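As structure tokens, the structure follows; a few thoughts come after it.
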Amino acid sequence: TKLRPFHVCRFKPGLYVPYDVYKEEILSRSPYVSVYYDVVTNREIDALTNFVKGTMYRGLVGIGKNATTAFIRTSDLSWVYDEDMDLATKMSERVKVITGLEVDQNLPDGPSSAEAFQVVNYGLGGHYDVHMDTFDRPPEDVLLNRSGERIATFLVYLSDVEKGGNTVFVKSHISVAPQKGMALFWYNFDPAMKVDPMTSHAGCPVLVGHKWIANKWIWTYGNTFRRRCGLTPNATQLDVEHLMYDPHIGK
Numbered sequence: 001t002k003l004r005p006f007h008v009c010r011f012k013p014g015l016y017v018p019y020d021v022y023k024e025e026i027l028s029r030s031p032y033v034s035v036y037y038d039v040v041t042n043r044e045i046d047a048l049t050n051f052v053k054g055t056m057y058r059g060l061v062g063i064g065k066n067a068t069t070a071f072i073r074t075s076d077l078s079w080v081y082d083e084d085m086d087l088a089t090k091m092s093e094r095v096k097v098i099t100g101l102e103v104d105q106n107l108p109d110g111p112s113s114a115e116a117f118q119v120v121n122y123g124l125g126g127h128y129d130v131h132m133d134t135f136d137r138p139p140e141d142v143l144l145n146r147s148g149e150r151i152a153t154f155l156v157y158l159s160d161v162e163k164g165g166n167t168v169f170v171k172s173h174i175s176v177a178p179q180k181g182m183a184l185f186w187y188n189f190d191p192a193m194k195v196d197p198m199t200s201h202a203g204c205p206v207l208v209g210h211k212w213i214a215n216k217w218i219w220t221y222g223n224t225f226r227r228r229c230g231l232t233p234n235a236t237q238l239d240v241e242h243l244m245y246d247p248h249i250g251k
């Protein structure tokens, strides 16, 4: 990724203890886009991908009964809930520690703070055209049925790709090459809780090899006091970040 004046590499502390740090590379302040290195191990990747083999199906576009197959998305996928395997629970907790956001799953019995892991495989030519991760539905409908909006996306790369397969933010001019064990994280909303159109992105076609990823979409429910609002209309995530890690705030 081309360096910019605000490009930052740092050791980011986890949610609970200051010495539990993660290697973060901030690619953009607004929209907030960053990558975390060494998020999952090769052994964990093997366990997760082996678990979903035999359960994968053609990826759909849309929500619920309106979801259909479409050429804009060519991939196979499967869902892994925390209750399905201990590794999923462990990985979800890791997402919480890294991002400071709640990721509790209570579906289908109640509202949840995040979705299950969506494990996706893109074969040769596999791609996902430009899209947003937010829902294209009335807000009241989303809040009623889906525990709120997808405020953030945590995408874990489960494989390297020999050629192609980059995740590209088309309006922000950011391109991220898959790296096994790395995670890409971004907020779909700014701190004023407005949808950020600059987060529109695409999964470029795989030209050589294959691509495995695991998506974790984080919702509004349970994160009202986690993801803080800015003091000004133009506040960025870095302006409010310290508020998310203060244990005395929101209690």
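Counting from 1, position 63 in the sequence shown corresponds to residue 63 in full-length UniProt numbering; the numbering is continuous, with no gaps.
For glycine and all other residues, C-beta sits at the position ideal for the given N, C-alpha and C.
It should be emphasised that the depicted structure is a prediction, and the values quoted were computed from it without experimental measurement.
Within the UniProt domain "Fe2OG dioxygenase" (113–220), the complete alpha helix (DSSP H) segments at least 4 residues long are 139–145, listed from N- to C-terminus. In its chain, beyond the 5 residues on either side, V21 have a beta carbon closer than 6 angstroms to the beta carbon of P13.
Excluding its 5 nearest sequence neighbours in each direction, V161 has C-beta neighbours in its own chain below 7 angstroms: P178, V206, G209 and K211, listed in chain order. Burial is judged here by how many other beta carbons sit within 10 angstroms of a residue's own beta carbon; G54 has fewer than 16 and is exposed.
Counting only the Cα atoms, S172 lies some 18 angstroms from P191. Relative to V33, the option among G222, C229, H201 and T224 whose CA is nearest is H201. Burial of N215 is indicated by the presence of at least 16 other C-beta atoms within 10 angstroms of its C-beta.
Note that the C-beta distance between L101 and A152 is below 8 angstroms.
Pairing V39 with P233, the inter-Cα distance amounts to about 33 angstroms.
The C-alpha of G164 lies about 21 angstroms from the C-alpha of N42. Assigned with DSSP and collapsed to three states, D20 falls in coil, not helix or strand.
Taking each of G203, Y221 and G230 in turn and checking the Cα distance to G126, the smallest one comes out for G203. Counting along the chain, the unbroken beta strand (DSSP E) around D76 starts and ends at D76 to V80. In the DSSP annotation of this structure, K53 is not part of any beta strand (DSSP E), being labelled neither H nor E. The beta carbon of T220 lies closer than 6 angstroms to those of G148, E149 and I151 in the same chain, with the five residues before and after it left out. For R29, the secondary structure class from DSSP, reduced to helix, strand or coil, is coil.
The alpha-carbon of Q118 is positioned some 5 angstroms away from that of W79.
One alpha carbon belongs to V156, the other to N106, and they sit about 22 angstroms apart.
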